[in-house]
Structure formats: structure tokens, C-alpha cells
Amino acid sequence: MMQVPIDDIMGLNATQLGPQRPPDVHWQALEVTARSRAALSGNQPCVLWFTGLSGAGKSTIANLVEKQLHAAGRPTYLLDGDDLRHGLNSDLGFSHADRSENIRRVAEVAKLMVDAGLIVLVSLISPFRAERRRARELLAPGQFIEIFVDTPLALAEERDPKGLYKRARRGELKNFTAIDSPYERPENPEIVVDTTQCHASASALQVLSVLRRVWV
Numbered sequence: 001m002m003q004v005p006i007d008d009i010m011g012l013n014a015t016q017l018g019p020q021r022p023p024d025v026h027w028q029a030l031e032v033t034a035r036s037r038a039a040l041s042g043n044q045p046c047v048l049w050f051t052g053l054s055g056a057g058k059s060t061i062a063n064l065v066e067k068q069l070h071a072a073g074r075p076t077y078l079l080d081g082d083d084l085r086h087g088l089n090s091d092l093g094f095s096h097a098d099r100s101e102n103i104r105r106v107a108e109v110a111k112l113m114v115d116a117g118l119i120v121l122v123s124l125i126s127p128f129r130a131e132r133r134r135a136r137e138l139l140a141p142g143q144f145i146e147i148f149v150d151t152p153l154a155l156a157e158e159r160d161p162k163g164l165y166k167r168a169r170r171g172e173l174k175n176f177t178a179i180d181s182p183y184e185r186p187e188n189p190e191i192v193v194d195t196t197q198c199h200a201s202a203s204a205l206q207v208l209s210v211l212r213r214v215w216v
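Numbering (UniProt numbering), first residue to last: 1 to 216.
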């Protein structure tokens with residue numbers, strides 16, 4: 001007989017229940033530390049968090065940045081929002097609660113990867129300031145680099161590579177960022193990429209240039 005999770009029987013989902021923290025679960029004292037992993041890889045682990053509207057160019061720029069870092073021998077991993085919804089976040093929709101949980105999960109995974117000694121690139125609309133702030137707070141000072149891919153809504157709609165804005169305007173997609181759900185612009189991002197002034201390749205070089213100064 002197939003077993004049905006009690007959450008399904010009760011009509012609840014993960015975002016309604018919230019993170020479960022059993023009182024008897026404690027942190028383990030590990031012999032190999034995050035610092036020792038970073039020293040072994042010769043890396044400066046951090047999270048490069050690309051945020052912006054759909055169609056802003058986040059994934060394209062992040063992909064180019066990772067390519068250059070990889071070529072330079074830096075251990076990296078790119079967490080792309082669309083890709084993660086095929087697996088890790090496949091149970092989440094696009095309500096405010098689900099989007100918040102989406103960001104929380106990605107931030108926790110990114111933190112684990114930083115602990116493993118990687119440079120983690122996150123490409124996620126991540127429209128809410130509070131969730132981006134929580135992601136930052138998971139990491140040590142200097143390990144979270146917020147990159148705002150600044151693209152006007154009109155330009156993002158003009159690009160619309162997946163046809164999502166057209167569908168949202170027709171009412172086929174609900175809670176679509178910048179149409180019927182807000183995007184809260186970063187207030188103090190480490191890097192601002194103005195895609196009206198430069199192409200993706202130049203934007204990637206801008207990010208890499210800032211990273212070189214930070215890492216000196």
C-alpha cells in the first residue's frame with residue numbers, strides 16, 4: 001500500500017509548516033573546517049548573488065563569470081533558479097510564501113557550498129529584500145556579494161526570451177515579478193550592472209574586475 005505523507009493528508013505543504021528544528025538535533029563538531037577546505041583549494045569562497053528581473057540577463061552574465069573563474073582555476077558552481085525548480089524546488093510555486101522558501105533553500109545550499117570551498121554563483125530573481133538580507137546573514141562578512149543586474153522593465157519585456165511577460169500580461173501567469181508582484185530593488189548592492197550601457201560580456205568583465213579588487 002502506498003504511504004501518503006501526513007502533510008498531504010492535512011492539506012499542508014513545506015512552506016506552510018516552515019523549517020522544522022527538532023530540539024534534540026545539535027551541530028556536530030567536525031575536524032575539517034571551512035577554513036581548511038578553502039586553504040586546500042586555494043580559493044576565496046563566497047556567494048555571488050545575481051538578482052534582477054526576468055530577462056535582465058542574470059544567468060547569461062553569471063555563466064560568463066563562471067566560465068572565466070573556471071578558466072582561472074577557481075572551483076565554482078552556478079545555482080540557476082530555473083534549473084533548481086526541476087529538482088530541489090520542484091514542489092514550490094510562485095506565491096510569496098513559496099518564493100521566500102525558494103530563496104531560503106537556495107541560500108542554505110549556497111552556504112554549504114561556500115563551506116566546501118567553492119565560489120557559488122546564484123542566479124535568482126529573488127525579488128524580496130528581506131530574503132536577500134537573510135541569505136547574506138547566513139554567511140561571514142565579505143562572503144556575500146550582491147550583484148544587481150539593473151534592467152528597466154520595458155527592456156526586459158522587449159527581450160522576453162521565454163515569452164513570460166506576454167503570458168503574464170494576458171493573465172496566464174499569476175504573481176509574476178514586476179507585473180502583479182513587486183520587485184524590491186537592492187539598496188546597497190556590492191555591484192550594479194547596467195545592462196542598458198553594456199552587453200553581457202562587458203558586464204561579466206565588470207563583475208570580475210570588482211572581484212579582483214575585493215580579493216587583493
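Just so it is clear, CB atoms sit at the ideal spot from N, CA and C, and this is done for glycine as well.
Here the structure is a predicted model, which means the values were calculated and not measured.
Beta-carbon gap between residue i and residue j smaller than 8 Å
i: P45; j: Q143; result: yes
i: R132; j: W49; result: yes
i: V193; j: V120; result: no
i: S123; j: S59; result: yes
i: L118; j: Y77; result: yes
i: R105; j: L79; result: no
Boundaries (first-last residue) of the alpha helix (DSSP H) holding residue i
i: S59; result: K58 to A71
i: V109; result: H96 to D115
i: A38; result: A34 to S41
i: Y165; result: L164 to R169
i: A130; result: R129 to E137
i: A29; result: Element bounds for A29: n/a, residue is neither H nor E.
Residue i versus the options, residue with shortest Cα-Cα distance
i: E157; options: S59, L173, I179 and V149; result: I179
i: H86; options: G73, N102, S95 and E184; result: N102
i: A62; options: S181, N175 and I147; result: I147
i: E187; options: D98, S90 and A130; result: A130
i: P161; options: S54, Q206 and A204; result: S54
i: G73; options: Q197, R134, N43 and T51; result: N43
i: R212; options: I191, N175, I125 and S126; result: I191
i: L153; options: H96, G52, E31 and D82; result: G52
i: L84; options: H96, A71, P141 and V109; result: V109
Bounding residues of the beta strand (DSSP E) (the contiguous stretch that carries residue i)
i: E146; result: F144 to D150
i: V192; result: I191 to D194
Bridge partner(s) assigned by DSSP for residue i
i: S123; result: F50 and D80
i: S181; result: T177
Contacting residues, own chain, Cβ-Cβ under 8 Å from residue i (five flanking each side not counted)
i: S201; result: L64
i: A56; result: V149, D150, T151, A156 and T195
Neighbourhood of residue i by C-beta distance below 7 Å, restricted to the same chain and skipping five residues each side
i: A116; result: R37
i: L208; result: V65 and Q68
i: V216; result: Low per-residue confidence applies at V216: pLDDT is 47, beneath 50, and the placement is therefore not dependable enough to give any value.
i: L139; result: V47, K111 and V114
i: R169; result: I179
Residues of its chain near residue i, where Cβ-Cβ distance is below 6 Å and the 5 sequence neighbours each way are ignored
i: L173; result: R167
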